[in-house]
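K.L.:
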Amino acid sequence: MHLQKIGCKFAIMLHKILWVMLLCVAPVAVQAQSCEWSISGKVIDEHDQSALSYSNIILLETNQYAVADSNGYFIIRQVCSGKYTLIVEHIGCTPDTVTLDVNSSITRNFYLEHHEEELAGIITTAVKYTSGLSSHEVDSKELEKLEGKNLGQILNGIAGVNQLKTGANISKPIIHGLYGDRILLVENGVRLESQNWGTEHAPEIDPLAAQSISVIKGAATLEYGTESLGGMVVIQPPVLKKQPHLNVDISLVGQTNGKGITTAAKIQQGFKKQAAYYLQGTFKKLGDQQAPDYNLSNTGLQETNLSAGFGWMKRGWDLSGHYALYSQKAGIFRSAHIGNLTDLNNAIQSDTPLIVLPFTYDIIAPKQHNTHHLAKVQLRKYFSKQRTLHIAYSAQHNRRQEYDIRRGGRSDIASLDMRLFTNNVLTTFQRTHSIGKKSHLLEGKSGIHFTAKQNRNDAATGVKPLIPDYYQYGIGFFDMEQLKLRSFTLDWGARYDYTRMLAYVFDNNNRLQTPTYNFHTYAISLGGSWTSRQQEVQLQSGIAVNSRFPNASELFSNGLHHGIAAIEFGEPDLRPEKGIKWTTTLLAQYKKFIQAEVTAYISTIYDFIYLAPLPEPILTIRGAFPAFRYYQTDAQLAGLDMTLKSTPAKWLSLYGRYSILRGKNKSTDEYLIYMPADNIAGGFEWQQDFSAVKNVFFGMEYKYTFEQKKLPISIPDFKAAPGDYHLLGASAGFTYPVNDKNSISFSVSGENITNSRYREYLNRFRYYADETAWNLTFRIKYSFQ
Amino acid sequence: MKKTLIYGSALSMLLLLNGCKKDNPTPVNEEELITTVQLIFQEEGGMSSDTFSFKDIDGVGGIAAVTDSIILKKDIRYIVQTRVLNETTSPADNITEEILEEGTEHQFFYQSTPADFINNFEYLDEDDNGFPIGLEFGCNTKNAATGTLRVTLRHEPVKDAANVINNDITNANGETDIEIDFPARWY
Chain U
3 MHLQKIGCKF AIMLHKILWV MLLCVAPVAV QAQSCEWSIS GKVIDEHDQS
53 ALSYSNIILL ETNQYAVADS NGYFIIRQVC SGKYTLIVEH IGCTPDTVTL
103 DVNSSITRNF YLEHHEEELA GIITTAVKYT SGLSSHEVDS KELEKLEGKN
153 LGQILNGIAG VNQLKTGANI SKPIIHGLYG DRILLVENGV RLESQNWGTE
203 HAPEIDPLAA QSISVIKGAA TLEYGTESLG GMVVIQPPVL KKQPHLNVDI
253 SLVGQTNGKG ITTAAKIQQG FKKQAAYYLQ GTFKKLGDQQ APDYNLSNTG
303 LQETNLSAGF GWMKRGWDLS GHYALYSQKA GIFRSAHIGN LTDLNNAIQS
353 DTPLIVLPFT YDIIAPKQHN THHLAKVQLR KYFSKQRTLH IAYSAQHNRR
403 QEYDIRRGGR SDIASLDMRL FTNNVLTTFQ RTHSIGKKSH LLEGKSGIHF
453 TAKQNRNDAA TGVKPLIPDY YQYGIGFFDM EQLKLRSFTL DWGARYDYTR
503 MLAYVFDNNN RLQTPTYNFH TYAISLGGSW TSRQQEVQLQ SGIAVNSRFP
553 NASELFSNGL HHGIAAIEFG EPDLRPEKGI KWTTTLLAQY KKFIQAEVTA
603 YISTIYDFIY LAPLPEPILT IRGAFPAFRY YQTDAQLAGL DMTLKSTPAK
653 WLSLYGRYSI LRGKNKSTDE YLIYMPADNI AGGFEWQQDF SAVKNVFFGM
703 EYKYTFEQKK LPISIPDFKA APGDYHLLGA SAGFTYPVND KNSISFSVSG
753 ENITNSRYRE YLNRFRYYAD ETAWNLTFRI KYSFQ
Chain Z
14 MKKTLIYGSA LSMLLLLNGC KKDNPTPVNE EELITTVQLI FQEEGGMSSD
64 TFSFKDIDGV GGIAAVTDSI ILKKDIRYIV QTRVLNETTS PADNITEEIL
114 EEGTEHQFFY QSTPADFINN FEYLDEDDNG FPIGLEFGCN TKNAATGTLR
164 VTLRHEPVKD AANVINNDIT NANGETDIEI DFPARWY
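Those protein sequences? They're chains U and Z, same order as listed.
Last residue of the first sequence? That's 787 in my numbering, and every number before it is there in order.
Last residue of the second sequence? That's 200 in my numbering, and every number before it is there in order.
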């Protein structure tokens, strides 16, 4: 920027010299006139009203000029009366040419159009997150290498993040030991509203529609809710740029295990008329997957997703919209669908699954059908002095159908058919103030959030629903502030939510009860970060208080959950959970040679809701089933994540990561169930550019997962936790630039290349079968810029 | 600006409140629920019969299930009919018919503890493939003693696996839809 300023000045000098030479050649009659006028004003970005510092303003006729200051103000003095052509310039903008008639001093503002304006970014505005958090981004380059994988599988590569799996296809991300309702998933500024209380309900997000995905492990932004006790996952859609451009990306992915194919296409276009849009679609089809020794019958998957967005900019405001459709049909592993405890014991005692059928693409009962629609419209208005008003309305419709093996030809009728309809309105106001004379900034964001939600069960199922019909209304108020000093950043924020829930519950005599709840939840965060002058060390620390009210499953469950062969009883008197988490991250880097990141955290959750077994199994017509009830206790989780990266040479990079976590139930002084085991991973990547092909790479990764020995004694597990295991993966690829507009990239990646036979503690199907065998994924991507 | 905020909020409240319809949901009529299993014992060649049943009137949870004790004469051959009902509806849903219709996908097993508490077991019915279903069977009670009779209904069993047609549940697999332990006494 500094260099360009000098360059600009030099250009102006040259400009000046040329004009002087011209003037010397043609004599100009110097008229007797007043030359005491001045032209002054401010140069402003037309779109977001921000100051365009160090702009150049030139009067062509006399080559008088001025350079605006850091606030965009300029003044040209001793201007004689006359007609002038004024040129206003700034880097990255289209210059503005204005004709001015000067008869007196003029003060006016000049608006320039910035080329690189971005439309639909959500957290690209002033107050991003609160500091004292550890955030990891999986950018578009890394996402490209992971095309074809689901969200849980992609995030699994981040230290401190695991996945709770139900077979190979369904996985929920776990951040620092917490999952489900305790982490917030935000897609393009919209909080994902779905039936996430279920352990076998994966988030309805297509990673192929994302530009980047970030995981926030510490104090998350308070903009979307109070319940991010674990953290947050932020999905960014393709960024819309308003300059004229056209991008086309077409991907084709094939995988050997499951003989699956995924195709995705995306088109992004921007117009000169300050508008842009994108359109994206995905189709995925996967058949039964294989474990090393047998076929995993009925583990096929079919997915059809669509997403689109548009943006329109005008002076001082912009309008954007976004729509996403996620539609998935997934088979539930046949041998995992069991009857009662006797069946379960038979399944567990058998080393191999009880039902093994030949490979097929067919998906039959038991299976899940999920469709999720998400639509959002947002308006941003920019005021002077860097203040922005943002109003966003979003609507989501989630339909979840679960099909069981039923008698009387009813396998085609869903046993569970729920529709969840949610409306959200988020109004935020952002402002930035300069503090003092140095570039100290105070950025703040406050807002109001309305939510209205409705859950309906379809009575045509002929099966008593797992959770009742309910309505939920909520209103939230929040304020977040961030103070940026030279090497320190401080931030703080608070949020309060009031939620009202009305449920329609049928008791055992089919009489309607309508319990109502009024929940008050809140969140507070306080954090700071310090960066050393040379930016080799950064220390972040923050404390966050979050609370979560119990969900419909925790309150109202009443009956047999086939998927887990257990009877669950909700507890209608549950109170909201309140968690306090302290996260500290240290980032250190020594040139490019080594970069290290260490995150330590401790969190205490009061009134932590969990399932514990009742002393006796319950006798039903099907035999005995273990019964569970929801209880509240105080829980404490603490852990450490470490990530190391080293680039000893330009062509070689090495990395390693390690994470440990311990979770305890403070009342019983036992470990919590389903806590991720310690794991350590390391790998290398060799990368080189050649004349004909670019970005040629080859890498390998080794991951070791320890046996989970920290288990609660009082909660029986049907099968002992599986042992430790080793996994080896490799990948290679290159990009062939056809010309400067088109490029094709190829890559191959192998997972579990040693064909390890292993079971993972966090996979609920570990009672019945091994994890999947080796898999090769081939990816081809064509890009047009 | 403040006006915009207020108008925006008001509009959004309206939008939200409009989206809710407050019509009450209807209770689900559970079609596959089995509440009652009846075993009707008739002495071979005799006239009268005794019915022993298991009833879990409201399904899982709620009122506990009630299991009758089977009390029969010792050393007698009985012919037994098994009936399966859903008594939450009126008239009671006869699930036995559905089981018969999907006979190839169902098989009943009757295991006693001690193992020879009942003997000379014989299935008396057949599905479309010639395999037994078990809604009708014959067996002998042994000497005076007490024991347990376990009645199991397997859905989609592997009927041609070893010994399954002989009332041996070991290799039957499939899913358990009914599993009842009847206390029994022969006198």
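Ideal Cβ positions, reconstructed from N, Cα and C, are used throughout, including at glycine.
Report the rounded CA-to-CA distance for N190(U) versus L443(U), giving the unit in angstroms.
P.N.:
C-alpha separation (whole angstroms): 26 Å.
K.L.:
Cβ of P38(Z) less than 7 Å from any chain U Cβ?
P.N.:
yes
K.L.:
Would you check if the distance between the CB atom of E790(U) and the CB atom of F508(U) is smaller than 7 Å?
P.N.:
Because chain U in this structure spans residues 3 to 787, residue 790(U) falls outside the shown range and cannot be described.
K.L.:
To the nearest angstrom, report how far apart F134(Z) and T80(Z) are at their CA atoms.
P.N.:
23 Å
K.L.:
Using a Cβ-Cβ distance cut-off of 7 Å, determine whether A185(Z) contacts chain U.
P.N.:
no
K.L.:
Return helix, strand or coil for Y769(U), following the three-state DSSP convention.
P.N.:
helix
K.L.:
Which residues share a DSSP beta bridge with W494(U)?
P.N.:
E483(U), L528(U)
K.L.:
Which residues in chain U sit within 9 Å of D69(Z), going by Cβ to Cβ distance?
P.N.:
L621, T622, I623
K.L.:
Leaving out the 5 sequence neighbours to the left and right, which residues in its chain are closer than 6 Å to K783(U) when beta-carbon positions are compared?
P.N.:
S253, S747
K.L.:
Excluding the five sequence neighbours on either side, which residues of its own chain have a C-beta within less than 6 Å of the C-beta of Q282(U), listed in chain order?
P.N.:
A211, K268, S309
K.L.:
Comparing the CB of P578(U) with every heavy atom of the ligand NAP, is any distance shorter than 6 Å?
P.N.:
Annotation note on the ligand NAP: not contained in the displayed structure, which lists no ligands.
K.L.:
Do you know how far the Cα of L157(U) is from the Cα of A651(U)?
P.N.:
28 Å
K.L.:
Check the Cβ of A461(U) against every Cβ in chain Z and list those closer than 9 Å, keeping chain order.
P.N.:
Contacts between A461(U) and chain Z, judged by CB atoms closer than 9 Å, involve P38, T39, P40, V41, N42 in chain order.
K.L.:
Taking 8 Å as the threshold, find out whether the stretch 483-491 of chain U comes into contact with the stretch 67-79 of chain Z through three or more Cβ pairs.
P.N.:
no
K.L.:
Which chain U residues sit within Cβ distance under 9 Å of I191(Z)?
P.N.:
I623, R624, G625
K.L.:
Mind pulling the chain Z residues with CB within less than 8 Å of D345(U)?
P.N.:
E188, T189
K.L.:
Within 7 Å of any Cβ in chain Z, is that where the Cβ of R382(U) sits?
P.N.:
no
K.L.:
Taking one C-beta from the stretch 610-625 of chain U and one from the stretch 175-187 of chain Z each time, how about it: are there three or more such pairs within less than 8 Å?
P.N.:
no
K.L.:
Helix, strand or coil for N681(U)? Go by DSSP, reduced to three states.
P.N.:
In this structure, DSSP gives N681(U) an extended state, which the three-state scheme calls strand.
K.L.:
Under 8 Å by Cβ, that's how I've got T154(Z) and I182(Z) pegged, so tell me the actual separation to the nearest angstrom.
P.N.:
Actually they are not in contact, since the Cβ atoms of T154(Z) and I182(Z) sit about 20 Å apart, beyond 8 Å.
K.L.:
Going by other Cβ atoms of all chains shown within 10 Å of its Cβ, with 16 needed for buried, is R659(U) buried or exposed?
P.N.:
buried
K.L.:
If contacts are defined as beta-carbon pairs under 8 Å, then Q291(U) and G150(U) qualify, I think. What distance do you get, rounded to the angstrom?
P.N.:
In fact, because the Cβ distance is near 13 Å, the residues do not count as touching under 8 Å.
K.L.:
Residues bridged to C95(U) by DSSP?
P.N.:
Paired residues: H116(U).
K.L.:
Leaving out five residues on either side along the sequence, give the residues of the same chain with a beta carbon under 6 Å from the beta carbon of L789(U).
P.N.:
Outside the shown range of chain U, which is 3 to 787, sits residue 789(U), and nothing can be said about it.
K.L.:
For F490(U), count neighbouring Cβ atoms within 10 angstroms of its own Cβ and tell me buried if that reaches 16, exposed if not.
P.N.:
In the assembly as shown, F490(U) is an exposed residue. Its beta-carbon has fewer than 16 other beta-carbons within 10 Å.
K.L.:
Name the chain Z residues that come within less than 7 Å of N512(U), Cβ to Cβ?
P.N.:
P40
K.L.:
In chain order, what residues of the same chain lie with their CB nearer than 7 Å to the CB of Q690(U), ignoring the 5 residues before and after it?
P.N.:
W653, V698
K.L.:
Please report whether the beta-carbon of M3(U) lies at a distance below 7 Å from any beta-carbon of chain Z.
P.N.:
With a pLDDT of only 44 at M3(U), under 50, the local geometry of the prediction cannot be trusted, and no value is derived from it.
K.L.:
Within 10 Å of its beta-carbon, does G725(U) have 16 or more other beta-carbons around it, so buried, or fewer, so exposed?
P.N.:
exposed
K.L.:
Since I believe G302(U) is in contact with Y395(U) (beta carbons under 8 Å), could you give me their beta-carbon distance rounded to a whole number of angstroms?
P.N.:
At roughly 37 Å, the Cβ-Cβ gap does not stay under 8 Å, so Y395(U) and G302(U) are not in contact.
K.L.:
With 16 as the cutoff for other CB atoms within 10 Å, does E618(U) come out buried or exposed?
P.N.:
exposed
K.L.:
Entirely within the stretch 70-123 of chain Z and at least 4 residues each: give me those alpha helix (DSSP H) ranges in chain order.
P.N.:
108-114
K.L.:
Which partner residues does K383(U) have in the DSSP bridge list?
P.N.:
Bridge partners of K383(U): W319(U), L391(U).
K.L.:
For T132(U), count neighbouring Cβ atoms within 10 angstroms of its own Cβ and tell me buried if that reaches 16, exposed if not.
P.N.:
Residue placement at T132(U) is poorly supported in this model, since its pLDDT is 43, which falls under 50; the coordinates still yield a value, given next. Counting Cβ neighbours within 10 Å, T132(U) comes out buried, since at least 16 surround it.
K.L.:
Going by DSSP in three states, A204(U) sits in which element: helix, strand or coil?
P.N.:
A204(U) carries a coil assignment under DSSP once its states are collapsed to helix, strand and coil.
K.L.:
For V427(U), name the three-state secondary structure that DSSP assigns.
P.N.:
strand
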